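Using the numbering used here, count along the sequence shown one by one with no gaps and you end on 290.
Idealized CB from N, CA, C, for every residue including glycine.
The structure presented is a predicted model; accordingly, all values stated were derived computationally and were not measured.
Each remark here refers to the structure printed beneath this line.
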Amino acid sequence: MTCRALSLWLCSALALVPVGQQPGPTAGAPTAGAPTTGAQTTGAPTTGAAATVALAVAEYQAGRYAEAYAAYAVLGAEANAPSAEVRLGLALAAVRVQRTGDAEAALRPLLDGGVAPEILAEAQFVSGLAFWQRAERAEAAAQLQDAEPFALASAQRAAAQALGAFCAADRTRGGWPAALRNAERAARLGAALEQLAVRQPPNGARQEPDAPPPPEPEPPRPEAPDEAPPELVQEPLSAAAAAELLLRVQQREREKLQVRRAGQRRAGRAGERDW
Numbered sequence: 016m017t018c019r020a021l022s023l024w025l026c027s028a029l030a031l032v033p034v035g036q037q038p039g040p041t042a043g044a045p046t047a048g049a050p051t052t053g054a055q056t057t058g059a060p061t062t063g064a065a066a067t068v069a070l071a072v073a074e075y076q077a078g079r080y081a082e083a084y085a086a087y088a089v090l091g092a093e094a095n096a097p098s099a100e101v102r103l104g105l106a107l108a109a110v111r112v113q114r115t116g117d118a119e120a121a122l123r124p125l126l127d128g129g130v131a132p133e134i135l136a137e138a139q140f141v142s143g144l145a146f147w148q149r150a151e152r153a154e155a156a157a158q159l160q161d162a163e164p165f166a167l168a169s170a171q172r173a174a175a176q177a178l179g180a181f182c183a184a185d186r187t188r189g190g191w192p193a194a195l196r197n198a199e200r201a202a203r204l205g206a207a208l209e210q211l212a213v214r215q216p217p218n219g220a221r222q223e224p225d226a227p228p229p230p231e232p233e234p235p236r237p238e239a240p241d242e243a244p245p246e247l248v249q250e251p252l253s254a255a256a257a258a259e260l261l262l263r264v265q266q267r268e269r270e271k272l273q274v275r276r277a278g279q280r281r282a283g284r285a286g287e288r289d290w
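Have a look at this one:
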């Protein structure tokens, strides 16, 4: 399936704004892999700044992501208007150390527009990684015994936003195999979350620990998204499979809305208690 077909499913299912036009959260990457010391800057760095950039890149490439994040954070704090290179490096390092909000803040000016297409594509690419991170956290929270009512819905939405971000990167670059592969993985993550939603009891009806539901086989977990163009591309979803997934997501949302409304009506009856 192409990113166009995946995006049509995404936008119709969740009415999302294309990632490149969002003023809100996203996270991004310097080059599709590790930061570089190249000329992706809005101005020539000073000697001290260039040395700090080189240090940050070296730390990142050595796998010392916390140190890389700290170096990029110094650069971002010292500059009145950090360069695109610094913003992208800071965002990627922040994603690596699970500081998703910091990554989103670093990339927001780039995603708002006014940058070169290659910079925008890189920002969109790793914004998908940040959304993926949020989806995994929400999925884990949704499976706790005392989970928040809409944790699973948050996970599904973040997975769909990851799909949109990867598709946006593919379109901006005019074809990006790594972005397309990650878009397909995000679609599979959304399908796995939809299966989890079907198995999970409605809000307020969770079973007690002494009466667990019969065990069922877990759906296969999708691979984590790539940070660099892969050598192989997974088999894409068919258009029929994406359409079927859309129908199931919409039906699930309608069922949850009906359950919510029924609970509100019961709570509003005078003299009655819902227990």
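Through-space distance from residue j to residue i, alpha-carbon basis
i: leucine 70; j: arginine 123; result: 24 angstroms
i: glutamate 74; j: lysine 271; result: 47 angstroms
i: glutamate 151; j: alanine 170; result: 7 angstroms
i: valine 76; j: glutamine 215; result: Residue identity check: residue 76 is glutamine in the sequence provided, not valine. Cα to Cα, the separation comes out at about 41 angstroms.
i: alanine 162; j: phenylalanine 146; result: 20 angstroms
i: arginine 149; j: glycine 63; result: 35 angstroms
i: glycine 205; j: alanine 108; result: 26 angstroms
i: valine 112; j: valine 72; result: 15 angstroms
i: alanine 155; j: alanine 166; result: 9 angstroms
i: glycine 189; j: valine 89; result: 34 angstroms
i: leucine 126; j: glutamine 139; result: 7 angstroms
i: proline 132; j: threonine 187; result: 6 angstroms
i: threonine 67; j: alanine 99; result: 15 angstroms
i: proline 323; j: alanine 173; result: In the structure displayed, the chain extends from 16 to 290; residue 323 sits before or after that span and is not available.
i: alanine 202; j: leucine 260; result: 9 angstroms
i: proline 240; j: alanine 136; result: 16 angstroms
i: glutamine 265; j: alanine 168; result: 12 angstroms
i: alanine 285; j: glutamine 273; result: For alanine 285, the predicted model reports a pLDDT of 49, less than 50, meaning its position is unreliable and no value from the coordinates is stated.
Burial state of residue i, where buried means 16 or more other Cβ atoms lie within 10 Å
i: leucine 262; result: exposed
i: alanine 277; result: exposed
i: proline 232; result: exposed
i: glycine 213; result: Checking the sequence shown, residue 213 turns out to be valine, not glycine. Label assigned to valine 213: exposed.
i: arginine 97; result: The amino acid occupying residue 97 in the given sequence is proline; arginine does not appear at that position. The residue in question, proline 97, is buried, as its Cβ has 16 or more Cβ neighbours within 10 Å.
i: glutamine 36; result: With a pLDDT of only 32 at glutamine 36, under 50, the local geometry of the prediction cannot be trusted, and no value is derived from it.
Range covered by the alpha helix (DSSP H) that runs through residue i
i: glycine 116; result: 115 to 126
i: glutamine 210; result: 192 to 214
Problem set entry | Given 8 angstroms, three or more beta-carbon pairs between the region 190 to 200 and the region 167 to 181 | Yes, the region 190 to 200 is in contact with the region 167 to 181.
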